[in-house]
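Asker: Just so you know, we're using this note's numbering here: the sequence shown kicks off at 102 and counts up by one. All C-beta atoms in this analysis are idealised placements derived from N, C-alpha and C, irrespective of residue type, glycine included. No experiment lies behind these values; they were computed from the predicted model shown. Attaching a single structure in structure tokens format; questions to follow.
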Amino acid sequence: MTTIVSFIGVLFDGVAYGSLLFLISIGLSVTMGLMNFINLAHGAFAMLGGYAAVVAMSRLGIPFLPALAIAFAVSGAVGALLERVLYRRLYRAAHLDQVLFTIGLTLMSIATATYFFGPAQQPVRLPGFLTGQLHVLGVDLGTYRLFLIAMVVLATLALTFLVERTRFGAQVRASVDNQQASVGLGINVERVFSVTFALGSALAGL
């Protein structure tokens with residue numbers, strides 16, 4: 102019985118950690134899967150969201166959940182700005198050019214973060230309702246890990262609905278398949294790509 106409980110606990114921890122990685126990769130699937138753009142700087146937006154949340158909580162005294170919303174908004178806004186200024190010029194470039202550019206952007210982002218915040222990890226204080234454990238069928242499950250899993254499920258369902266069931270999702274798919282035909286149908290392809298890239302960046306920051 103002890104072995105089974107230990108196995109379930111380890112399995113749950115693995116699912117929770119995988120959920121964290123999946124939450125970051127959802128945004129990458131938006132830019133790479135929907136826009137066919139190789140953005141190796143995607144992790145920089147995740148880093149930006151993390152620092153935005155840390156600053157909001159530790160220096161501005163903002164609670165955890167509103168800080169997450171701020172991280173989402175900041176990453177999305179910076180993503181939209183960079184898409185308009187830099188990324189837009191590379192949509193039709195070769196994939197090698199996209200890779201080299203985004204690697205360079207990643208290195209610049211790391212250097213900038215290190216300069217302003219230092220190389221040490223930035224602690225995040227979780228609220229009380231996320232620090233405890235739930236006892237389920239003899240297994241202690243961390244509340245924060247359950248929160249991560251729930252976030253991933255909700256984000257996945259929301260993104261699936263957006264892409265498959267909304268007009269904007271249809272515009273994104275049409276713009277990727279045939280930009281000229283989409284423009285002929287009255288779709289603002291540049292705006293669609295800008296919003297899509299901002300969404301992917303915001304999801305990374307979340």
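1. Report yes if the C-beta distance between A303 and F173 is below 7 Å; otherwise report no.
2. By DSSP's criteria, H143 is part of a beta bridge. Which residues make up the other side?
3. Compute the Euclidean distance between the alpha carbons of H143 and L183, then round it to the nearest angstrom.
4. What first and last residue would you give for the beta strand (DSSP E) that runs through G243?
5. Run through DSSP, which three-state label would Q222 get?
6. Can we say the segment 135 to 152 touches the segment 201 to 208, given the rule of at least three CB pairs closer than 8 Å?
7. Quick one: Cα of L187 to Cα of V111, how far?
8. Beta-carbon within less than 7 Å of A214's beta-carbon, same chain only, minus the 5 sequence neighbours each way: which residues are those?
9. Considering only the alpha carbon of each residue, which of S276, F248, P220 and A221 lies closest to G233?
10. Please give me, in chain order, every unbroken run of the alpha helix (DSSP H) with length at least 4 that falls completely inside the segment 132 to 198.
11. Whose CA, out of T104, L263 and R185, lies closest to the CA of V51?
12. Compare the Cα-Cα distances from V131 to each of L286, A282 and L263 and report the closest residue.
13. Please name the residue, chosen from G229, G239 and A282, that lies closest to I105 on a Cα-to-Cα basis.
Answerer: So, from the data block:
1. As a working mapping, residue 303 is identified with position 202 in the sequence shown. As a working mapping, residue 173 is identified with position 72 in the sequence shown. Against a cut-off of 7 Å, the Cβ pair of F173 and A303 comes out as a contact.
2. Within the sequence shown, the letter at position 42 stands for residue 143. DSSP lists no partner for H143.
3. Counting from 1 along the sequence shown, the entry for residue 143 is found at position 42. Counting from 1 along the sequence shown, the entry for residue 183 is found at position 82. Taken atom to atom, the span from the alpha-carbon of H143 to that of L183 is near 12 Å.
4. Taking the sequence shown and counting its residues from 1, one reaches residue 243 at position 142. Looking at the DSSP string, the run of the beta strand (DSSP E) that includes G243 is V240 to G243.
5. Position 121 of the sequence shown, counted from the first residue, corresponds to residue 222. In this structure, DSSP gives Q222 a state outside helix and strand, which the three-state scheme calls coil.
6. Put simply, the segment 135 to 152 touches the segment 201 to 208. At least three CB pairs are less than 8 Å apart.
7. Against the sequence shown, residue 187 aligns to sequence position 86. Against the sequence shown, residue 111 aligns to sequence position 10. Their Cα atoms are separated by approximately 43 Å.
8. If you number the sequence shown from 1, residue 214 lands on position 113. Excluding positions up to five away in sequence, the list reads M148 and Y152.
9. Looking up residue 233 in the sequence shown gives position 132. Out of S276, F248, P220 and A221, the CA that lies nearest to the CA of G233 is found in F248.
10. Complete alpha helix (DSSP H) runs here, min 4: 143 to 159 and 165 to 186.
11. Because the chain is modelled from 102 through 307, residue 51 falls outside the range shown and cannot be assessed.
12. By 1-based counting over the sequence shown, the position of residue 131 is 30. With distances taken between Cα atoms, V131 lies closest to L263.
13. As a first step, residue 105 is located in the sequence shown; it is residue number 4 there, counting from the start. It is G239 whose Cα lies nearest to the Cα of I105.
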